[in-house]
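Trainee: Starting off with a structure, shown below.
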């Protein structure tokens with residue numbers, strides 16, 4: 088048993104830098120795609136047909152093609168479009184691809200939530216004289232957040248696992264390192280350790296989000 | 213003095229004419245009930261008066277403020293923002309489905325608009341909200357959330373929320389229609405007590421006995437027109453028009 092933990096400790100320290108990068112991609116993607124998604128959903132619901140059509144197209148591309156391909160395209164696009172060399176630090180284009188992709192998914196979740204709020208809420212706020220921004224921030228958004236929380240939790244858990252896609256461009260990524268070590272040791276064990284890491288991380292997320300959901304359960 | 217004057221109001225949805233040439237007025241301190249079969253245009257009329265819907269032509273006047281400015285083609289459009297804002301503070305609306313804010317407790321529902329729209333100090337708003345809650349008999353529900361209240365209690369909170377803005381006119385849109393029959397009494401009691409305080413009210417309702425009892429004026433609508441209006445003892449007890457007679461006999465049969 089002691090040996091088992093010792094082994095896991097050794098593996099995790101070997102993957103140290105990779106874990107850091109995976110966490111960085113995870114945190115940056117959430118930080119930027121959650122607010123960006125809200126603006127994308129506004130564009131999707133825009134009364135200007137041209138805006139909503141363009142945003143709809145963007146969402147369909149982001150959802151309809153593999154994230155791994157999007158990462159590669161965004162990484163190489165400066166070279167093909169402008170002839171400049173690709174970024175030295177691959178983490179930036181990877182994070183950009185993740186943000187653009189996840190914003191599209193979050194936008195559709197927000198839209199579903201916003202459209203589920205009854206017209207009566209807007210009418211009540213309007214008759215009371217609340218301004219449109221205030222109505223959205225104080226009346227609509229809090230109710231939307233409660234409703235979309237389970238779907239958002241789903242996306243966040245998927246994001247944790249999706250960070251492994253960064254291996255396509257980044258060697259210093261947890262899954263990449265696990266694969267290299269596994270090849271060196273001709274053993275599947277390092278991959279299982281990586282898997283264990285994803286699993287525990289997601290357990291933690293499910294726990295935290297569960298707590299948040301419970302906290303918002305004070306009303307129906 | 214007339215608090216509200218509606219003149220020659222017209223409204224169509226696509227090809228369907230919903231309101232044709234509606235004219236009436238509401239005197240200060242009076243209670244006006246609007247009755248009529250469904251599809252008669254009552255709800256569209258109420259929605260126009262509360263700016264939830266824009267009429268095609270005609271005028272709506274609160275005091276000396278006009279909601280619309282006439283257009284050259286005979287139609288009308290909303291007046292400037294300042295005027296509309298001032299008009300909005302003239303009236304309150306109680307909805308059929310209450311439309312309380314579910315994520316806010318009773319007190320927050322009551323003070324949200326007074327504090328953020330009228331700019332009243334929070335402590336003052338809370339104090340006034342407490343007197344209103346006492347008036348509707350819900351002093352003990354200050355910290356309750358709407359989902360913890362019965363339908364009748366929710367509607368009483370909605371009435372208090374509308375009153376918190378100190379409106380000159382209070383509109384009710386079928387305030388008891390979403391309630392169990394045994395809960396309608398508590399709402400009608402609140403409206404009655406407001407009438408005794410000379411609150412000006414316009415009520416769209418199916419409660420005929422109540423309308424007869426509490427109203428100074430009854431307006432009977434059918435097919436987008438006002439068929440008859442006047443004292444309830446005339447309009448409801450001695451209707452002159454065949455359509456009014458038919459509607460009232462249908463209602464009393466049930």
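Residue numbers (the numbering used here), protein chains in the order written: chain A, 88 to 307; chain B, 213 to 466.
Cβ atoms here follow ideal geometry from the backbone N, Cα and C, with glycine treated the same way.
If you're wondering where the values come from, they're calculated on a predicted model, not measured in any experiment.
#1: Quick one: list the residues of chain A neighbouring residue 300 of chain B, beta-carbon separation under 9 Å, in chain order.
#2: What does the alpha-carbon distance come out to for the pair residue 230 of chain A and residue 239 of chain A?
#3: Taking the alpha-carbon positions, what's the residue 233 of chain B to residue 267 of chain B distance?
#4: Per DSSP, what kind of secondary structure is residue 111 of chain A in: helix, strand or coil?
#5: Under 9 Å between C-beta atoms, does residue 225 of chain B make it to chain A?
#6: Quick one: is residue 281 of chain B buried, meaning 16 or more other Cβ sit within 10 Å of its Cβ, or exposed?
#7: Does the distance from the CB of residue 226 of chain A to the CB of residue 196 of chain A come in under 9 Å?
#8: Residue 301 of chain A: which of A:233, A:286, A:281 sits nearest, CA to CA?
#9: By the three-class DSSP mapping on this structure, what secondary structure does residue 218 of chain A have?
#10: Less than 8 Å between C-beta atoms, sequence neighbours within five positions excluded: which residues of the same chain meet that for residue 141 of chain A?
#11: What number of angstroms, rounded off, separates the C-alpha of residue 275 of chain B from the C-alpha of residue 315 of chain B?
#12: Can you look up residue 204 of chain A in the DSSP assignment and give me helix, strand or coil?
#13: Judging by CA-CA distance, which residue of B:417, B:422, B:442, B:420 is the nearest neighbour of residue 429 of chain B?
#14: Please work out which residues of its chain come closer than 6 Å, Cβ to Cβ, to residue 248 of chain B, disregarding the five sequence neighbours upstream and downstream, and give them in chain order.
#15: Beta-carbon separation of residue 216 of chain B and residue 463 of chain B under 9 Å?
#16: Let me know the secondary structure DSSP gives residue 92 of chain A once reduced to three states.
#17: In its own chain, which residues sit with a C-beta less than 7 Å from the C-beta of residue 334 of chain B, not counting the 5 before and 5 after it?
#18: Considering only the beta carbon of each residue, do residue 415 of chain B and residue 387 of chain B sit closer than 9 Å?
#19: What span of residues does the alpha helix (DSSP H) with residue 281 of chain A cover, start to end?
#20: In whole angstroms, give me the CA-to-CA distance for residue 153 of chain A and residue 252 of chain A.
#21: Name, please, each residue of chain B whose Cβ falls closer than 8 Å to the Cβ of residue 198 of chain A.
#22: CA-CA distance, residue 90 of chain A and residue 98 of chain A?
#23: Residues of chain B with CB under 8 Å from residue 204 of chain A, in chain order?
#24: Specify the secondary structure class of residue 132 of chain A as computed by DSSP and reduced to three states.
#25: Listing by chain order, which chain B residues have their CB less than 7 Å from the CB of residue 226 of chain A?
#26: Out of curiosity, what's the CA-to-CA distance linking residue 350 of chain B and residue 320 of chain B?
#27: How long is the line joining the alpha carbons of residue 304 of chain A and residue 184 of chain A, rounded to whole angstroms?
#28: Which two residues bound the contiguous beta strand (DSSP E) that contains residue 233 of chain B?
#29: In or out: residue 304 of chain B buried (at least 16 other Cβ within 10 Å) or exposed?
#30: Please confirm whether residue 324 of chain B has its beta-carbon closer than 9 Å to some beta-carbon of chain A.
#31: For residue 147 of chain A and residue 191 of chain A, I'd like the C-alpha separation in whole angstroms.
#32: In chain order, which continuous runs of the alpha helix (DSSP H) of length 4 or greater are located wholly inside the region 335-396 of chain B?
#33: According to DSSP, what are the bridge partners of residue 272 of chain A?
#34: Identify the contact partners of residue 298 of chain A in chain B, using a Cβ-Cβ distance below 7 Å as the criterion.
#35: In the DSSP output, what is residue 217 of chain B paired with across the bridge?
#36: CB-CB under 7 Å to residue 453 of chain B, same chain, minus the five flanking residues each way: which ones, in chain order?
Mentor: On the basis of the supplied data:
#1: Within 9 Å Cβ-Cβ: 213, 214, 215, 216.
#2: So the two alpha carbons sit approximately 14 Å from each other.
#3: Distance between the alpha carbons of residue 233 of chain B and residue 267 of chain B: 11 Å.
#4: The three-state reading of DSSP puts residue 111 of chain A in helix, counting H, G and I together.
#5: Judged by the 9 Å Cβ criterion, residue 225 of chain B is not in contact with chain A.
#6: With a 10 Å radius around the Cβ and a threshold of 16 neighbouring Cβ atoms, residue 281 of chain B comes out exposed.
#7: No. Outside cutoff.
#8: The shortest Cα separation from residue 301 of chain A among A:233, A:286, A:281 belongs to A:233.
#9: Three-state DSSP puts residue 218 of chain A in coil, outside helix and strand.
#10: Cβ contact annotation for residue 141 of chain A (same chain, cutoff 8 Å, sequence separation greater than five): 130, in chain order.
#11: One C-alpha to the other measures close to 36 Å.
#12: In the structure shown, residue 204 of chain A adopts coil according to DSSP, grouped into three states.
#13: Considering only B:417, B:422, B:442, B:420, the residue with the shortest C-alpha distance to residue 429 of chain B is B:442.
#14: In the same chain as residue 248 of chain B, and ignoring 5 residues on each side of it, the C-beta atoms closer than 6 Å to its own belong to 254, 432, 433, 434, in chain order.
#15: Going by C-beta atoms, residue 216 of chain B is not nearer than 9 Å to residue 463 of chain B.
#16: Helix at residue 92 of chain A.
#17: Residues 323, 327 of the same chain have their beta carbon placed closer than 7 Å to that of residue 334 of chain B, with the five preceding and five following residues left out of the count.
#18: Closer than 9 Å, so yes.
#19: Counting along the chain, the unbroken alpha helix (DSSP H) around residue 281 of chain A starts and ends at 276-302.
#20: Using only the alpha carbons, I get a separation of about 10 Å.
#21: Result: empty, since nearest Cβ-Cβ is about 20 Å, beyond 8 Å.
#22: When the Cα atoms are used, residue 90 of chain A and residue 98 of chain A turn out to be separated by approximately 12 Å.
#23: Identification of chain B residues near residue 204 of chain A by a Cβ-Cβ cut-off of 8 Å yields none; the smallest Cβ-Cβ distance measures about 10 Å.
#24: In the structure shown, residue 132 of chain A sits in coil (DSSP, three-state: anything other than H, G, I, E or B).
#25: Chain-ordered, the chain B residues with CB closer than 7 Å to the CB of residue 226 of chain A read 313.
#26: Between residue 350 of chain B and residue 320 of chain B, the C-alpha separation is close to 14 Å.
#27: Straight through space, the alpha carbons of residue 184 of chain A and residue 304 of chain A are spaced by roughly 35 Å.
#28: Residue range 228-239 is occupied by the beta strand (DSSP E) that includes residue 233 of chain B.
#29: With 16 or more Cβ atoms within 10 Å of its Cβ, residue 304 of chain B is classed as buried.
#30: Answer yes: the Cβ-Cβ gap between residue 324 of chain B and chain A drops below 9 Å somewhere.
#31: Per the coordinates, the alpha-carbon of residue 147 of chain A lies some 8 Å from the alpha-carbon of residue 191 of chain A.
#32: For secondary structure counted as the alpha helix (DSSP H) over 4 or more consecutive residues, the region 335-396 of chain B holds these complete runs in sequence order: 363-375.
#33: In DSSP, residue 272 of chain A forms no bridge with anything.
#34: The premise fails here: residue 298 of chain A is roughly 18 Å from chain B at the closest Cβ pair, so nothing lies under 7 Å.
#35: In the DSSP output, where bridge partners are listed per residue, residue 217 of chain B has B:237, B:273.
#36: Beyond the five residues adjoining it in sequence on each side, residue 453 of chain B comes within less than 7 Å, by CB distance, of 439, 440 in the same chain, given in chain order.
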